[in-house]
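A.B. asks:
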Amino acid sequence: MAKPKLLLVDGSSLAFRAFFSILDLNRFKNSNGLHTNALYSFHRMFKSILDSEKPTHVLVAWDAGKTTFRTEMYADYKGGRSKTPGEFIEQMPYFNVLLDAWGIPHYRLNQYEADDIIGTLAKQGEAAGYEVVVLSGDKDLIQLADNNITVKITTKGVTELVEYTPEVIFEKYGLTPEQIIDMKGLMGDSSDNYPGVTKVGEKTAVKLLQEFGSVEGIYEHVDEMKKSKLKENLINDKELAFLSKKLARINVESPLEITLDDTLRKEQDVEALMAFYKEMNFNSFQSDLLNSGATTVEEAPKAERPNVKRVSEITEDMLKGATSVHFETLEANYHVADVIAVAFGNEKEVFVTDLETAVASEAFKKWLADASIEKHLFDTKAAKVLAHRFGLVIAGAKYDVSLLAYLVDTNDIVKEISDVARRVDVTILTSDEAVYGKGVKIQIPEDEEVWNQHLAAKVYTIAVAPEKLLKRLEENEQTHLYWEMELPVSDILARMEIQGIRVDKERLVEMGVEFEARLKEIEQEIYELAGEEFNINSTKQLGVILFEKMGLPVIKKTKTGYSTAVDVLEKLAHQAPIVGLILEYRQLAKLNSTYVEGLQAYIQEDGKIHTRFVQNLTQTGRLSSVDPNLQNIPIRTQEGRRIRYAFLPEHDDWKILSSDYSQIELRVLAHIAGDKHMIEAFKNNVDIHTNTAMRVFGITNPDDVTSEMRRQAKAVNFGIVYGISDYGLSQNLNISRKRAKEFIDRYLEEFQGVKDFMESVVKEAREKDYV
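Just so it is clear: in the sequence shown, position 115 is 590 by this note's numbering, and no numbers are missing.
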């Protein structure tokens, strides 16, 4: 029988991090004006961890408030913190509403923090034979890590997790989980506002604890230490060290009024959950819940449904009141998809027919191509490409509901028309999956009436959605983005997709043969160095070869064994030639499978690749490219660059022109920071990365700047202004932290204007709580 699994969540920490992970406050409001950014982000993170961990028992712990037993020990504990934003406070009551709907227990204990509730239950769970997982954004909790207690800390807002076990803690700090408490006692904690020992940081604290074991051990031997400023500070701050250790220690014997039985996960209340989603205007979560089969949308009043008729001939009378048109396909790639139906009409009357009838109808073709008739579509670009494939022309496409819905909420991905329906409170349209099925079981429903009603509901949604969505855009003062940017761009992209790009298939085939031969060579070299044959693509077998047989140092472990990720192998490359060959093998194998072979599969009869440019996917507003992704063709290696040469201009005597903004972000920085050196470089048309390399490396002649120097300078240019640390830069450039710190210090010394600007922004943020 499997162990019960207990998930303990630091609700206070996770909710606070969730708030700051999405700061576009104006976009995250419900129809009543309540801010919802923290609730939205909290939901995504918590749902993800529930799905991945699948706990049998769960509890979300909340802090009691400002007064706890720790403030009685030290009045300034957690003092000096900025005032909690009002936009966050207004969301606080709704976290427990969500948890109750999910069937997730939650608990708050007067005079105690969430950490203490978690610590007490974690130890109780471990003693009772549970597998315990702790989730928090606060590293204080890693002191709880034990053989059956894993602590997961959120990073990058709430999007990534770092896992802490006793082994990981020892690898990272050279300490046991218990010693983390001593480390905090020596260092103090600026976020919790307790002092520790003056000028003792992590490095010094770790060194002391590795030598003396604990705070108590340090003070037992403090008199034996050589005279130094450190010894003086330790003696002077002895009381603070012991006090800070007490403050840092999580109380694992808190007087809880609940037991492990109270953490049993309950069934979710589907109605309450749907009501919560509707109140918060979380349309994508509504769709997910509906598609999961947990609930169904109540059928709307019959009056809302349009009349629908399947026809074998299209007349001018049918088209007189039509506002909307839709081409139905069963697959996303409309460059190759079959059109299984064409539907057109308005919110009251819809006509359904097949593609052959539509293409043969002169009345339909004339209506579709008439620019004076405004038309509503779900995805204008897709419709134009489909129409072109079958000899039709679409003009007068004014309302694209997928783009309108995307602009209203870029976090809520629109995959199909039912996603839009949920946003505009259209209840007659179910998901495509509910009608057609999914995967290999996708098929047209046997009941034609069911199919007709589904198509009619789509046309109805397309007809009524623009008015509601435009109203929301007007409230956000974003209508110009639709009229001046997204709609015109969709037409350009449609023409680009139709045009496609010519590809030299023979060159790709030749490269494939060459790459396969080289892979065989590398494979044999790896086997010779390993002393045996094994599956190079098996991380388990590779881990045994590298770390057990060859004795290379273990950098990182995963749940299944040794990590052989790229970042791990890159750190080991200088220690054994086999590692460099493995990296080369992986890189070449990926190039061959993903690009050399992968691209050939997308070449159509006209000798071209017709990708799909997706406008409504990324939160940043950037375009993405799929089927295939043409934005990710490699360029950093010689083999990767060769793949690019397989893309040809339309005619042999033409050229492909590549244009891009020249370091646009750095030009903006030069302007707002007023840095004289950067401004001078841009005015004189000097390559900014070469200029930075000259200053950082102390070179006077630009010709002496190597490509490696320029690469490092580029990383510094783009890294520092986004707050990269010496550690982060060292990882990016694969250099020591000391060397990275020298780069950063030298950069800030040379570019004083940038340094002053960065410091002024931080100062303003501290004074005003915003920038």
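Don't be surprised by glycine CBs; every beta carbon is placed ideally from N, CA and C. Note that the coordinates shown come from a computational prediction; the quantities given were computed from them, not determined experimentally.
(1) Quick check: what's the CA-CA separation for Glu1045 versus Ile1030?
(2) Answer yes or no: do Val939 and Glu1125 have a C-beta to C-beta separation smaller than 9 Å?
(3) According to DSSP, is Ile656 part of a helix, a strand, or is it coil?
(4) So what does Arg977 bridge to, in DSSP terms?
(5) Straight-line CA distance for Pro568 to Pro580?
(6) When DSSP labels each residue in this structure, what does Arg583 get in the three-state scheme?
(7) What number of angstroms, rounded off, separates the C-alpha of Thr954 from the C-alpha of Leu882?
(8) Can you list, in chain order, the residues of its chain with a C-beta nearer than 6 Å to that of Ile899? Leave out the 5 residues immediately preceding and following it.
(9) Could you tell me the boundaries of the beta strand (DSSP E) in which Gly820 lies?
(10) Going by CA-CA distance only, name the one from Asp763, Leu1063, Pro781 and Lys753 that's closest to Ala992.
(11) Mind reading off the beta-carbon distance from Gly871 to Glu849? Whole number of angstroms is fine, and I expect it under 8 Å.
(12) To which residues does DSSP link Ser1099 through a beta bridge?
(13) Leaving aside the five residues before and after Glu695 along the sequence, list all residues of the same chain whose C-beta is less than 6 Å from its C-beta, in chain order.
(14) If you follow the alpha helix (DSSP H) that Ser689 is part of, which residue opens it and which one closes it?
(15) Would you check if there are 3 or more beta carbon pairs closer than 8 Å linking the segment 1222-1230 to the segment 1148-1159?
(16) What three-state label does DSSP hand Val868 in the structure shown?
(17) Looking at C-beta atoms only, is the number of pairs between the segment 795-812 and the segment 751-761 that lie closer than 8 Å three or more?
(18) Can you tell me whether Leu852 is helix, strand or coil according to DSSP?
(19) Residues in its own chain within less than 6 Å of Arg1087 by CB, not counting five upstream and five downstream?
(20) For the segment 566-627, list the beta strand (DSSP E) runs that are entirely contained and at least 3 residues long, ordered along the chain.
(21) Which residues does DSSP list as the beta-bridge partners of Val535?
(22) Where DSSP assigns a beta bridge to Met739, which residues make up the other side?
(23) With DSSP collapsed to three states, give me the class of Tyr549.
(24) Phe853: buried (16+ other C-beta within 10 angstroms of its C-beta) or exposed?
(25) With a threshold of 8 Å on Cβ separation, who are the neighbours of Asp613 within its own chain once the five nearest residues in sequence on each side are excluded?
(26) Taking the alpha helix (DSSP H) that Glu1045 belongs to, which residues open and close that run?
(27) Between Glu774 and Val860, what straight-line distance do the alpha-carbon atoms span, to the nearest angstrom?
(28) Does the segment 906-918 come close enough to the segment 992-1005 to have 3 or more Cβ pairs within less than 8 Å?
(29) Roughly how many angstroms lie between the CA atoms of Gln1187 and Ala1168, to the nearest whole one?
(30) Can you tell which of Ala597, Ser1013 and Ala807 has its C-alpha closest to the C-alpha of Asn622?
(31) To the nearest whole angstrom, what separates the beta carbons of Phe544 and Gln599, a pair I think is in contact under 8 Å?
(32) By DSSP, does Arg1111 sit in helix, in strand, or in coil?
(33) Residues in the same chain with beta-carbon distance under 7 Å from Asp657, minus the five sequence neighbours each way, listed in chain order, please.
(34) Would you check if the segment 489-505 and the segment 516-534 touch, i.e. whether three or more CB-CB distances between them fall below 8 Å?
(35) Quick check: the Cα distance between Val901 and Val895, rounded to an integer number of angstroms?
(36) Could you check the C-alpha separation between Thr1033 and Val643 for me, to the nearest Å?
C.D. replies: Concretely, from the data shown:
(1) On the sequence shown, residue 1045 is found 570 positions in, with the first residue counted as 1. On the sequence shown, residue 1030 is found 555 positions in, with the first residue counted as 1. Those two C-alpha atoms are separated by around 11 Å.
(2) As a first step, residue 939 is located in the sequence shown; it is residue number 464 there, counting from the start. As a first step, residue 1125 is located in the sequence shown; it is residue number 650 there, counting from the start. No; because the gap between Cβ atoms is not below 9 Å, this pair is not in contact.
(3) Start at 1 with the first residue of the sequence shown, and residue 656 comes out as number 181. DSSP places Ile656 in helix when its eight states are reduced to three.
(4) Translated into positions along the sequence shown, residue 977 becomes position 502. Answer by DSSP bridge pairing, in chain order: Lys1083 and Leu1123.
(5) Indexing the sequence shown from 1 puts residue 568 at position 93. Indexing the sequence shown from 1 puts residue 580 at position 105. Near 15 Å, if we compare the C-alpha coordinates of Pro580 and Pro568.
(6) Sequence index remark: in the sequence shown, residue 583 carries index 108 (1-based). Strand, per DSSP.
(7) Within the sequence shown, residue 954 is the residue found at index 479, counting from 1. Within the sequence shown, residue 882 is the residue found at index 407, counting from 1. In a straight line, the C-alpha of Thr954 is about 9 Å away from that of Leu882.
(8) Residue numbering aside, residue 899 sits at position 424 when the sequence shown is read from its first letter. Going by the sequence as given, residue 899 is Val instead of Ile. Within the same chain, Val899 has close Cβ partners Ala940 and Lys943.
(9) Position 345 of the sequence shown, counted from the first residue, corresponds to residue 820. Unbroken beta strand (DSSP E) run through Gly820: Val814 to Gly820.
(10) Residue 992 sits at position 517 when you count from the first residue of the sequence shown. The residue with the shortest Cα to Cα distance from Ala992 is Leu1063.
(11) Here residue 871 refers to the residue found at position 396 of the sequence shown. Here residue 849 refers to the residue found at position 374 of the sequence shown. With a Cβ gap of about 6 Å, Gly871 and Glu849 count as contacting.
(12) Translated into positions along the sequence shown, residue 1099 becomes position 624. For Ser1099, which the question treats as bridged, DSSP gives the partners Val1089.
(13) Translated into positions along the sequence shown, residue 695 becomes position 220. Around Glu695: no qualifying Cβ.
(14) Along the sequence shown, one-based indexing puts residue 689 at 214. It is not in any alpha helix (DSSP H) - Ser689 carries neither H nor E in the DSSP assignment.
(15) yes
(16) In the sequence shown, counting from the first residue as 1, residue 868 sits at position 393. Coil at Val868, not helix or strand.
(17) no
(18) Numbered from 1 along the sequence shown, position 377 holds the residue referred to as residue 852. DSSP places Leu852 in strand when its eight states are reduced to three.
(19) Reading the sequence shown from its first residue, position 612 is the one you call residue 1087. Closer than 6 Å at the Cβ level, and outside the excluded window around Arg1087, lie Val1101 and Asp1102.
(20) 581-583 and 606-611
(21) Residue numbering aside, residue 535 sits at position 60 when the sequence shown is read from its first letter. DSSP output for Val535 lists Val484 and His581 as bridge partner(s).
(22) Translated into positions along the sequence shown, residue 739 becomes position 264. This sequence places Leu at residue 739; Met is not what is there. BP columns for Leu739 point to His532.
(23) For the purposes of this step, residue 549 is identified with residue 74 of the sequence shown, where counting begins at 1. Tyr549: coil per DSSP, three-state reduction.
(24) Translated into positions along the sequence shown, residue 853 becomes position 378. Buried, because 16 or more other Cβ atoms sit within 10 Å of the Cβ of Phe853.
(25) Against the sequence shown, residue 613 aligns to sequence position 138. The answer, listed in chain order, is Asp485, Ser488, Asp590 and Ile628.
(26) Here residue 1045 refers to the residue found at position 570 of the sequence shown. Glu1045 -> alpha helix (DSSP H) spans Val1041 to Leu1047.
(27) Mapped onto the sequence shown, residue 774 falls at position 299. Mapped onto the sequence shown, residue 860 falls at position 385. Confidence at Glu774 is low in this model, with a pLDDT of 43, below 50, so its placement is unreliable and the value that follows should be read with caution. Computed Cα separation, rounded: 34 Å.
(28) As far as the Cβ criterion goes, the segment 906-918 does not touch the segment 992-1005, which means the pair count is below three.
(29) Against the sequence shown, residue 1187 aligns to sequence position 712. Against the sequence shown, residue 1168 aligns to sequence position 693. Cα-Cα distance, rounded: 8 Å.
(30) By one-based count along the sequence shown, residue 622 stands at place 147. Closest option to Asn622, Cα to Cα, is Ala597.
(31) The residue given as residue 544 occupies position 69 in the sequence shown. The residue given as residue 599 occupies position 124 in the sequence shown. At roughly 20 Å, the Cβ-Cβ gap does not stay under 8 Å, so Phe544 and Gln599 are not in contact.
(32) Your numbering for residue 1111 matches position 636 in the sequence shown. Note: Arg1111 maps to coil in three-state DSSP.
(33) The residue labelled residue 657 in the question sits at position 182 within the sequence shown. Excluding residues within five positions, the ones whose Cβ falls inside 7 Å are Leu684, Ser689, Val690 and Lys720.
(34) Short answer: they touch.
(35) Locating residue 901 in the sequence shown gives position 426, counting from the first residue. Locating residue 895 in the sequence shown gives position 420, counting from the first residue. Cα to Cα, the separation comes out at about 8 Å.
(36) Stepping through the sequence shown from its first residue, residue 1033 is reached at position 558. Stepping through the sequence shown from its first residue, residue 643 is reached at position 168. About 10 Å.
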